[in-house]
Amino acid sequence: MQNLSVADFYPLISHYFWPLTRTLALFSTAPVFSEKVAQKKVKIGLAMLIAFLIGQTLPETPVTLWSVAGIWITAKEILIGAMMGLTAQFLFAAMRCAGEIIGLQMGLSFASFFDPSGGQAMPVLARFLNTLFTLLFLTLNGHLYLLQVLADSFTLLPVDATALDGSGFYLLAQTAGVIFSCGLKIGLPMIALLLALNLTLGLLNRLTPQLSIFVIGFPLSITLGIVALLLMMFDFAPVFDSYMRDIFVHLDSILRALL
């Protein structure tokens with residue numbers, strides 16, 4: 001009877017450890033997967049299942065886990081997974097930015113509460129849009145696209161000890177501009193509408209000084225803003241779908257730039 005030692009399991013452990021490292025790094029930064037409402041045990045179990053399925057298709061890596069090359073591969077896998085999750089997180093940061101812009105124009109920037117996912121106070125409209133777009137992300141199968149990108153990344157960036165190209169990090173920093181550009185595009189109709197309302201109230205104040213603009217201006221801005229936001233919600237799905245596809249295009253470009 002053949003005796004098995006712990007050393008016999010090292011190649012098997014290494015084979016699945018590095019896909020698990022990349023998957024856990026993605027889960028710790030990606031939208032939906034990084035939400036604190038989900039239990040950590042569930043996340044780890046799901047990551048282990050995904051890493052096991054992906055590991056079935058990967059070739060053997062002739063590197064021991066505790067060698068210098070093995071430590072570098074571990075750090076590399078963490079970087080790749082975190083970059084993928086962070087790039088996808090830019091999409092939701094843009095939506096929260098749009099919510100802050102809209103809330104500022106409506107006069108609701110003071111209305112904020114604690115966000116358990118971000119660990120900080122967030123304006124109520126930003127939290128509302130973040131929840132709405134999270135549901136849209138799940139409806140449009142964005143989480144499945146993200147897992148598909150994770151699986152494809154092992155073909156583009158296999159588990160080995162080669163160095164990463166710095167141009168990928170530069171492209172990641174450039175992609176962060178999506179936060180402000182997309183957020184401003186979504187909030188621009190509300191900015192134009194409420195700016196026109198403020199100009200109208202200013203003219204009324206000049207024509208009829210006895211009219212108390214502060215009494216009617218604040219509730220009118222909130223009411224008109226809510227009505228306009230409800231009308232804008234009909235176009236949120238195609239707009240979000242377009243931005244989500246753009247983010248995945250950027251993510252593919254970043255992964256290819258790391259080669």
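Counting in full-length UniProt numbering, the sequence shown runs from 1 upward without gaps. We treat Cβ as the ideally placed atom computed from N, Cα and C, and that holds for glycine. Model, not experiment: these values are computed from the prediction.
Verify whether the separation of the beta carbon atoms of G81 and A121 is less than 7 Å. At a Cβ-Cβ threshold of 7 Å, G81 and A121 do not count as neighbours.
Which full runs of the beta strand (DSSP E) of 3+ residues lie inside the segment 67–130, going along the chain? For the segment 67–130, whole beta strand (DSSP E) runs of length 3 or above, ordered along the chain, are 112–115, 120–123.
Just tell me which of I226, R256, A161 has its CA closest to the CA of V68. Looking at I226, R256, A161, the one whose alpha-carbon comes closest to that of V68 is A161.
Thinking C-alpha only, which one of L79, P62, I13 is nearest L150? With respect to the C-alpha of L150, the residue from L79, P62, I13 having the closest C-alpha is L79.
What span of residues does the alpha helix (DSSP H) with G168 cover, start to end? Judged by DSSP secondary structure, G168 falls within the alpha helix (DSSP H) whose first and last residues are 167–175.
Enclosing alpha helix (DSSP H) for D241 [first to last residue]: Boundaries of the alpha helix (DSSP H) harbouring D241: 236–257, taken from the DSSP string.
7 Å Cβ cutoff met for P31 and G55: Between P31 and G55, the C-beta gap is not smaller than 7 Å, which leaves the two residues out of contact.
Residues in the same chain with beta-carbon distance under 7 Å from G142, minus the five sequence neighbours each way, listed in chain order, please. Taking C-beta separations shorter than 7 Å and ignoring five residues to either side along the sequence, the partners of G142 in its chain run M244, following chain order.
Taking just the CA atoms, how far does M106 sit from F169? Answer to the nearest angstrom: the Cα atoms are 37 Å apart.
For G99, is the classification buried or exposed, using 16 other Cβ atoms within 10 angstroms of its Cβ as the cut-off for buried? Residue environment analysis places G99 among the buried positions, since at least 16 neighbouring C-beta atoms fall within 10 angstroms of its C-beta.
To the nearest angstrom, how far is the alpha carbon of L194 from that of A93? Between L194 and A93, the C-alpha separation is close to 23 Å.
In three-state terms, what does DSSP make of T139? Under the three-state reduction of DSSP, T139 is assigned to helix.
Check whether the segment 227–244 and the segment 185–193 touch, using three or more Cβ-Cβ pairs below 8 Å as the test. Touching, per the Cβ criterion.
How many whole angstroms separate the CB atoms of L65 and F17, which I take to be in contact at a CB cut-off of 8 Å? Confirmed, about 6 Å.
Does the distance from the C-beta atom of M204 to that of L211 stay below 7 Å? The question names Met, but residue 204 is Leu in the sequence shown. L204 places its beta carbon less than 7 Å from that of L211.
Cutoff 7 Å; reference T29; Cβ partners in own chain excluding five residues on either side: Residues A82, G85, L86, Q89 of the same chain have their beta carbon placed closer than 7 Å to that of T29, with the five preceding and five following residues left out of the count.
Rounded to the nearest angstrom, how far is the Cβ of V159 from that of I73, given a contact under 8 Å? The beta carbons of V159 and I73 sit about 6 Å from each other, so the pair counts as a contact at 8 Å.
When we look at the beta-carbon of T200 and count the other beta-carbons within 10 Å, is it buried (16 or more) or exposed? By the Cβ neighbour-count rule, T200 is exposed, with fewer than 16 other Cβ atoms within 10 Å of its own.
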